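Have a look at the structure below, then the notes.
There are 2 protein chains.
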Amino acid sequence: MKGEAKVYLVGAGPGDPDLLTVKALRLLQAADVLVYDRLVSREILRLVPEAATRVCVGKAPGRHTLPQEEINRILVELAAPGRCVVRLKGGDPYVFGRGSEEALHLLAHGIGFEVVPGVTAATAVAAYAGIPLTHRGLARGVRFVTGHFRDDEALDWDWDKLAEAQTTLVFYMGLGRLDAICGHLVEAGMPAATPAAVIQHGTTVRQRRVLSDLAHLPADVRQAGLASPALIVIGAVVALAESLDWFGAQL
Amino acid sequence: MKGEAKVYLVGAGPGDPDLLTVKALRLLQAADVLVYDRLVSREILRLVPEAATRVCVGKAPGRHTLPQEEINRILVELAAPGRCVVRLKGGDPYVFGRGSEEALHLLAHGIGFEVVPGVTAATAVAAYAGIPLTHRGLARGVRFVTGHFRDDEALDWDWDKLAEAQTTLVFYMGLGRLDAICGHLVEAGMPAATPAAVIQHGTTVRQRRVLSDLAHLPADVRQAGLASPALIVIGAVVALAESLDWFGAQL
Numbered sequence: 208m209k210g211e212a213k214v215y216l217v218g219a220g221p222g223d224p225d226l227l228t229v230k231a232l233r234l235l236q237a238a239d240v241l242v243y244d245r246l247v248s249r250e251i252l253r254l255v256p257e258a259a260t261r262v263c264v265g266k267a268p269g270r271h272t273l274p275q276e277e278i279n280r281i282l283v284e285l286a287a288p289g290r291c292v293v294r295l296k297g298g299d300p301y302v303f304g305r306g307s308e309e310a311l312h313l314l315a316h317g318i319g320f321e322v323v324p325g326v327t328a329a330t331a332v333a334a335y336a337g338i339p340l341t342h343r344g345l346a347r348g349v350r351f352v353t354g355h356f357r358d359d360e361a362l363d364w365d366w367d368k369l370a371e372a373q374t375t376l377v378f379y380m381g382l383g384r385l386d387a388i389c390g391h392l393v394e395a396g397m398p399a400a401t402p403a404a405v406i407q408h409g410t411t412v413r414q415r416r417v418l419s420d421l422a423h424l425p426a427d428v429r430q431a432g433l434a435s436p437a438l439i440v441i442g443a444v445v446a447l448a449e450s451l452d453w454f455g456a457q458l
Numbered sequence: 208m209k210g211e212a213k214v215y216l217v218g219a220g221p222g223d224p225d226l227l228t229v230k231a232l233r234l235l236q237a238a239d240v241l242v243y244d245r246l247v248s249r250e251i252l253r254l255v256p257e258a259a260t261r262v263c264v265g266k267a268p269g270r271h272t273l274p275q276e277e278i279n280r281i282l283v284e285l286a287a288p289g290r291c292v293v294r295l296k297g298g299d300p301y302v303f304g305r306g307s308e309e310a311l312h313l314l315a316h317g318i319g320f321e322v323v324p325g326v327t328a329a330t331a332v333a334a335y336a337g338i339p340l341t342h343r344g345l346a347r348g349v350r351f352v353t354g355h356f357r358d359d360e361a362l363d364w365d366w367d368k369l370a371e372a373q374t375t376l377v378f379y380m381g382l383g384r385l386d387a388i389c390g391h392l393v394e395a396g397m398p399a400a401t402p403a404a405v406i407q408h409g410t411t412v413r414q415r416r417v418l419s420d421l422a423h424l425p426a427d428v429r430q431a432g433l434a435s436p437a438l439i440v441i442g443a444v445v446a447l448a449e450s451l452d453w454f455g456a457q458l
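Line order of the protein sequences matches chains A and B.
According to the numbering used here, the residues represented by the first sequence are 208 to 458, in order.
According to the numbering used here, the residues represented by the second sequence are 208 to 458, in order.
Listed below in structure tokens is the structure:
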């Protein structure tokens with residue numbers, strides 16, 4: 208529709224610019240305005256034209272960031288007919304990206320939107336770390352969970368339901384609660400020897416991974432000094448990570 | 208490494224060629240040999256050079272397809288130093304794609320491999336159908352499950368663990384078992400009024416979606432005549448699909 212103001216809610220993928228989608232790349236190269244999160248890599252930001260307006264809205268754990276309401280307000284303000292506004296998010300806009308909150312807000316203000324799905328961190332970070340999320344005989348399903356709650360909130364997952372054989376668990380934004388996550392899962396009956404990994408800066412040359420098990424993962428990660436952004440992967444499939452380490456072998 | 212035979216295990220994404228990754232597109236355009244599944248769309252196959260050798264290895268539910276062992280064997284046979292062999296799979300190679308079985312087989316035969324993650328069907332098909340997989344207050348996690356078992360196999364999921372509030376359920380390849388899936392979930396305590404959808408040919412101009420609830424989804428899908436390939440999405444987030452239908456509005 209000509210003359211309609213529109214915002215593109217675009218997934219930037221997990222970090223490696225090669226994992227942008229064709230549509231995301233095209234929109235970034237055409238952007239007049241870019242509104243982006245901290246998790247978006249510099250390599251990707253470089254694809255945007257010099258002349259484009261850039262607005263960083265933060266979202267690093269523990270640091271000062273704009274409240275979601277403020278981001279929503281900024282998007283409405285920047286949208287205008289004929290202006291290519293790209294709201295760029297790490298991973299996929301609809302997997303822990305709060306893209307749908309922004310979409311609803313835009314709609315409520317008469318602004319159109321399009322979603323450009325991205326490769327979500329769980330699939331790509333795991334694959335680059337040598338871990339398939341499903342594998343016959345080891346995992347026939349996968350579950351993505353957020354480990355991020357407000358500081359005053361307990362991790363109130365139903366741990367009995369999370370502790371399930373043949374289902375790979377992936378925690379986004381969970382590093383700050385790693386001890387609690389591993390402890391709860393073992394209490395809920397998951398074997399302490401269940402293979403488990405933390406991957407920092409996945410899919411990039413700065414990738415670091417710690418392969419361990421539920422009992423030892425928190426200590427091993429502290430020892431290695433890993434920090435956010437990091438992904439936690441738990442399940443039998445992690446045992447394949449040494450054999451299938453195609454990316455680490457190139458680093 | 209020069210002179211090393213290598214196979215690229217590439218995710219083709221959910222169907223829309225615009226959702227290929229930049230790396231997948233580059234590899235397809237450089238392919239000497241393409242080994243692909245039925246789920247890969249014609250638009251994407253057209254990107255491969257005319258001169259490339261194409262091997263279709265099937266994988267449509269219920270039809271005759273090559274056994275996995277045969278596919279593994281073909282990949283080993285086709286790999287050669289200096290030859291760009293692309294093993295193209297719908298969605299992501301490591302999410303119900305059996306890519307890791309192929310990777311292990313290649314390794315065992317001294318052949319290198321690289322994984323090129325793709326946008327998995329769950330995220331993109333849902334997004335194009337207006338459904339965010341997570342949304343504050345409605346879903347703080349998502350679970351991908353396969354509904355595909357051998358004909359003589361029961362659907363032996365732990366339904367009590369699947370039936371969880373605030374977790375979106377996505378069934379891949381589950382249409383043939385839709386009655387059983389909905390029935391088991393209600394028996395396990397999930398409200399019969401839980402919003403639920405089936406989407407056929409997601410992300411393409413042939414997209415069709417049925418929005419319903421657990422109690423009525425099987426009958427509604429039969430009524431509409433939807434067929435595989437289709438994705439089942441269950442959870443409170445499905446209630447947003449009417450409001451957030453940006454793609455359907457363009458069709």
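A virtual CB, placed ideally from N, CA and C, is assigned to each residue, including glycine.
Bear in mind the structure is a predicted one, so any value in this text is a computation, not a measurement.
For the beta strand (DSSP E) that contains residue i, what are its first and last residues?
i, result
"residue 321 of chain A", "319 to 323"
"residue 438 of chain B", "437 to 441"
"residue 262 of chain A", "260 to 263"
Could you give the DSSP three-state label for residue i: helix, strand or coil?
i, result
"residue 301 of chain B", "coil"
"residue 244 of chain A", "coil"
"residue 218 of chain A", "strand"
"residue 452 of chain A", "coil"
"residue 294 of chain B", "strand"
"residue 342 of chain B", "strand"
"residue 412 of chain B", "coil"
"residue 254 of chain B", "coil"
"residue 223 of chain B", "coil"
"residue 418 of chain A", "strand"
Alpha carbons only, please: which of the options is nearest the one belonging to residue i?
i, options, result
"residue 436 of chain A", "A:247, A:364, A:300", "A:247"
"residue 372 of chain B", "A:375, A:365, A:355, A:376", "A:365"
"residue 311 of chain A", "A:280, A:456, A:400", "A:280"
"residue 224 of chain B", "B:253, B:428, B:244, B:336", "B:253"
"residue 244 of chain A", "A:426, A:229, A:228, A:222", "A:222"
"residue 432 of chain A", "A:405, A:362, A:379, A:451", "A:405"
"residue 452 of chain B", "B:421, B:339, B:367", "B:339"
"residue 260 of chain A", "A:381, A:294, A:273", "A:294"
"residue 457 of chain B", "B:337, B:374, B:277, B:421", "B:337"
"residue 423 of chain A", "A:363, A:392, A:414", "A:392"
"residue 287 of chain A", "A:211, A:426, A:381", "A:211"
"residue 283 of chain B", "B:263, B:289, B:318, B:255", "B:318"
"residue 377 of chain B", "B:387, B:394, B:430, B:403", "B:403"
"residue 324 of chain A", "A:425, A:448, A:232, A:454", "A:232"
"residue 388 of chain B", "B:367, B:291, B:407", "B:367"
"residue 416 of chain A", "A:455, A:216, A:296", "A:455"
"residue 428 of chain B", "B:446, B:444, B:381, B:447", "B:381"
"residue 275 of chain A", "A:444, A:445, A:242", "A:242"
"residue 296 of chain B", "B:278, B:439, B:448, B:345", "B:278"
"residue 421 of chain A", "A:407, A:411, A:449, A:375", "A:375"
"residue 349 of chain B", "A:256, A:301, A:263, A:235", "A:301"
"residue 459 of chain A", "A:213, A:289, A:355", "It is not possible to answer for residue 459 of chain A, since the shown part of chain A is limited to 208 through 458."
"residue 385 of chain B", "B:434, B:447, B:262", "B:434"
"residue 369 of chain B", "B:396, B:329, B:258", "B:396"
Taking the alpha helix (DSSP H) that residue i falls in, what are its first and last residues?
i, result
"residue 234 of chain A", "229 to 237"
"residue 330 of chain A", "328 to 335"
"residue 312 of chain B", "306 to 315"
"residue 277 of chain A", "275 to 285"
"residue 425 of chain A", "424 to 431"
Exercise for review: Compile a chain-ordered list of the residues in the segment 441 to 458 of chain A whose CB is closer than 7 angstroms to at least one CB of chain B.
Suggested key: Those residues of the segment 441 to 458 of chain A placed with their C-beta closer than 7 angstroms to a C-beta in chain B are 447, 450, 451, 453, ordered along the chain.
Practice item. Jot down the residue ranges of each uninterrupted alpha helix (DSSP H) in the segment 348 to 407 of chain A, minimum 4 residues, whole runs only, in chain order. Key: You should have 366 to 369, 385 to 394.
**Study point:** chain B contacts from the segment 246 to 265 of chain A (Cβ-Cβ distance under 9 angstroms)
**Key:** Along the segment 246 to 265 of chain A, there is no position whose C-beta sits under 9 angstroms from a C-beta of chain B.
Exercise for review: Would you list, in chain order, the members of the segment 223 to 241 of chain B that have their beta-carbon closer than 9 angstroms to a beta-carbon of chain A?
Suggested key: Answer in chain order: 223, 224, 225, 226, 227, 228, 229, 230, 231, 232, 233.
**Study point:** the segment 367 to 383 of chain B: positions lying closer than 8 angstroms to chain A by Cβ
**Key:** Cβ contacts with chain A come from 367, 368, 371, 374.
Review point. What residues from the segment 301 to 315 of chain B come within 9 angstroms of chain A, judged by C-beta to C-beta, listed N to C?
Key: Flagged, chain order: 301, 302, 303, 304, 305, 306, 307, 308, 310, 311, 314.
Review point. Which residues, in order along the segment 334 to 350 of chain B, keep a beta-carbon less than 7 angstroms from a beta-carbon of chain A?
Key: Against chain A - using a Cβ distance shorter than 7 angstroms - the residues of the segment 334 to 350 of chain B are 334, 339, 340, 341, 342, 343, 347, 348, 349, 350.
Review point. What residues in the segment 383 to 417 of chain B bring their beta carbon closer than 7 angstroms to a beta carbon of chain A?
Key: Answer set for the segment 383 to 417 of chain B: empty.
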